[in-house]
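Taken in order, these protein sequences are the chains called A and B. Under this note's numbering, the first residue of the first sequence is numbered 117, with each subsequent residue one higher. Under this note's numbering, the first residue of the second sequence is numbered 22, with each subsequent residue one higher.
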Amino acid sequence: MKKIILLILCFFIYNNSAIALVEIDITRGNLDPLPIAVSPLYIEPGSSDIKDADKIIKNVGEKIAEVIEVNFKRSGLFNPLKKDSFVQKPDIAHIKPRFEDWRLIKAQALVTGKVKVSEDKLRVEFRLWDVVAAKEMVALAFSTTPKNWRRVAHIISDKVYQRLTGEEGYFDTRIIYVSETGLKTQRYKKLAIMDQDGANIKYLTLGNELVLTPRFSPKNQLVTYLSYFRNLPRVYLLDIETGVQEVVGDFPGMTFAPRFSPDGKKIIMSFAKDGRSDIYTMDLKTRVVEKITDHTSIDTSPSYSPDGKYICFNSDRSGLQQIYVMRSDGSNVKRITFGKGLYGTPVWSPRGDLIAFTKVHKNKFYIGVMRPDGSGERLLTENFYQEAPSWSPNGRVLIFYRETKSDSEGKGFSAKLWSIDLTGYNERLIKTETDGSDPSWSSLLSK
Amino acid sequence: MVSLSNLRKFLVVILAGITLTACATQGKKGSNIAGDVYTGNDTVEYLATGVKDRVFFATNKSTLTTASRDTLRKQAGWMRKKSKLKFAIEGHADERGTREYNLALGERRANAVKDYLMTYGISGNRLNVISYGKERPVNSGSNPLAWSQNRRSVTIKAE
């Protein structure tokens, strides 16, 4: 496993917001993506090529720009302009852009930069320019190991996104999910991790036992998930660096639906016994187990509010699946869904303002959001089968999965990851090597 | 005084009504679903002659039908004769629900079967419950018949 060392040396952070004419409103459902030019980064003389495992990366300046462009394009907020129209060379553009040239191709913002690659260090400097106002908006420099060149692109993307939208970005993140292959009646499932743009896929389990519903810890070093190892379905912890797995607690029955508390100290999960499922927590240090719900019904899919004070969860105590909110000690349980249909998989936004959910009504599946008191229900997308939304760390994008119909031989079946913006726009298929399900978004890697 | 022709018309209407209701609960011709529970024999295997290995459920439910209780009574009878054997009771759900809730629902269904077998004197420590949620469908189809066959609890001889 590669160790990620990132040293951020901010030479100068130049933030000129006074006369910025370029900005993006991300709450509208952007139908006018901002035209932005991403100049290939200038590679300083004396730089070596990058060796990444068995590959040699040449032209890393161009490659970084490409990764940034893909990030911008997929966000739906930016329109990266074609490179063949760029007039200025990367080295000069980075020092002093000729704004008239960039305005000619209709760019409103411009990203330039330079890199120096040595044996063990990649040093980057980049600038974001407001082409309309002819001013520098952001200037940053940082260093990392050469193998992290993709993270350089993601960090630049986040800084640009943040400066232009006023919100934190979500590009320097990873997605954990379940990779699926095989017949529908005998699926092989493995835990997989990838960068949010689909690069750097790594498989964390071998596929010998069924694995489901993985989640990252808040600092992204640990993963919790359900495994049927030795035919005993239990919640496990996996250390991504070391690969070490351990079962969580010593429960005399199935544990499932695990998540971490926002401070990373506890696992919250369901424990099923004698036909009922209750929500429990276990402190990872003290190993103390606490029972949070106590009802003969099924209580599952718990999700903490970002401040750790509340938990939303799925319960059928009123007859069918609904969403409830309670204090994190289990007191003050309140039902928040009263609409027609079933509600499940509630997930609290990292911004604290919304709960995303799956809704099933008249044989159709919906992904939606509502306020934590249940008001303002808004359905974002409808499908034959989709569920389990997970929030980007800035609370602006949801990732989930869909399954297609199949005939009785299983033909036509596929499971794929999809994303959609909170506005309901920019619904997008996420390409994975194999079929995929149960996606979960990490927090920003640099935090 | 009711005339004979009126009585005949009345009987025709009643008969038509009964036939139509019967058709409604049968679903499509030959689909073997009654009250949302699969009643057919496809996918059913046998633990012994006349002893079916599984029972079926309605959507979101874990209640046992009369036919299910009959199947389980026969299973219990056979288990009493094979007192050295232990069993796994698997609980399953169809794909038309969220994954985590389906895991819990499978457990509830398997437990309903275990509880019922125990009322016939089968010791609980011979019966091990395991839920597979929607992960192991027996019919890959995306239609009501397939879903009804997948909403099941299966009794299996433990190794």
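Even for Gly, the Cβ is constructed at its ideal location relative to N, Cα and C.
Relative to the Cα of E493 (chain A), the nearest Cα in the group A:Y482, A:Y501 and A:Q502 belongs to A:Y482. In this model, K103 (chain B) and K178 (chain B) are separated by some 11 Å (Cα to Cα).
At a beta-carbon threshold of 9 Å, the residues of chain A lying near I151 (chain B) are Y344, N347, L348, P349 and M370, ordered along the chain. Close CB contacts of I184 (chain A) within its chain, under the 7 Å cut and outside five residues either way in sequence, are with V154, V227, A269, I272 and S273 (chain order). Residue pairing for A388 (chain A): DSSP places it in a beta bridge opposite A:M370 and A:S393. Not a single CB atom of chain B sits nearer than 9 Å to the CB of V364 (chain A).
In the DSSP assignment, N195 (chain A) is bridged to A:P151. The shortest CA-to-CA distance from R266 (chain A) to any of A:R219, A:V294, A:Q312 and A:I142 is the one to A:Q312.
Within its own chain, the residues whose Cβ lies closer than 8 Å to the Cβ of D423 (chain A), once the five positions on either side in sequence are excluded, are P378 and G468, listed in chain order. Within the model, the alpha-carbon separation for H477 (chain A) versus N160 (chain B) is close to 23 Å. Runs of the alpha helix (DSSP H) lying entirely within the region 200–234 of chain A and spanning at least 4 residues, in chain order: 206–211 and 215–220. Taking a cut-off of 8 Å for Cβ pairs, the region 253–264 of chain A and the region 529–545 of chain A do not touch, as fewer than three such pairs fall below it. Between Y341 (chain A) and K222 (chain A), the alpha-carbon positions lie close to 48 Å from each other.
Among the residues of chain A, none has a CB under 7 Å from the CB of V65 (chain B); the nearest is roughly 16 Å distant.
Collapsing the DSSP output to three states places F500 (chain A) in coil.
Rounded to whole angstroms, the gap between the alpha carbons of S562 (chain A) and E498 (chain A) is 34 Å.
Residues of the region 436–454 of chain A whose Cβ lies closer than 9 Å to any Cβ of chain B, in chain order: L436 and Q437. DSSP places E180 (chain B) outside both helix and strand once states are collapsed to three, so it counts as coil. Pairing L545 (chain A) with E519 (chain A), the inter-Cα distance amounts to about 12 Å.
C-alpha of A388 (chain A) to C-alpha of P349 (chain A): approximately 10 Å in a straight line. Within the region 118–135 of chain B, G118, T119, R120, E121, Y122, L124, A125, L126, E128, R129, N132 and A133 place their CB atoms closer than 8 Å to a CB of chain A, listed in sequence order. D394 (chain A) and D91 (chain B) have their alpha carbons spaced roughly 31 Å apart.
H411 (chain A) is positioned such that its CB atom lies closer than 9 Å to that of R433 (chain A). Around L458 (chain A), the same chain offers L436, Q437, Q438, K475, V476 and H477 as residues with beta carbons nearer than 8 Å, after the five sequence neighbours per side are excluded. For Y319 (chain A), no Cβ of chain B is located within less than 9 Å of the residue's own Cβ.
By the rule that beta-carbons nearer than 9 Å mark a contact, S163 (chain B) touches chain A.
Between the beta-carbon of L496 (chain A) and that of V485 (chain A) there is about 7 Å, and that keeps the pair under the 8 Å contact cut.
About 35 Å separates the beta carbon of L193 (chain A) from that of P161 (chain A), a gap too long to meet the 8 Å contact definition. The C-alpha of V72 (chain B) lies about 10 Å from the C-alpha of V65 (chain B). Residues of the same chain with a CB within less than 7 Å of the CB of N53 (chain B), apart from the 5 flanking positions on each side, are Y59, T60 and G61 in chain order. Residue burial annotation: A255 (chain A) is buried, with at least 16 other C-beta atoms found within 10 angstroms of its C-beta.
Shown here, I159 (chain A) sits in a strand according to DSSP, grouped into three states.
With distances taken between CA atoms, Y122 (chain B) lies nearest to A:D415 out of A:D415, A:W464, A:P505 and A:R190. For K275 (chain A) and G285 (chain A), the gap between their C-alpha atoms comes out near 7 Å. Close to E156 (chain B), with beta-carbon spacing below 9 Å, are these residues of chain A in chain order: R303, K305, L326, L328 and Y344.
Look at S169 (chain B): its C-beta is not under 9 Å from any C-beta on chain A.
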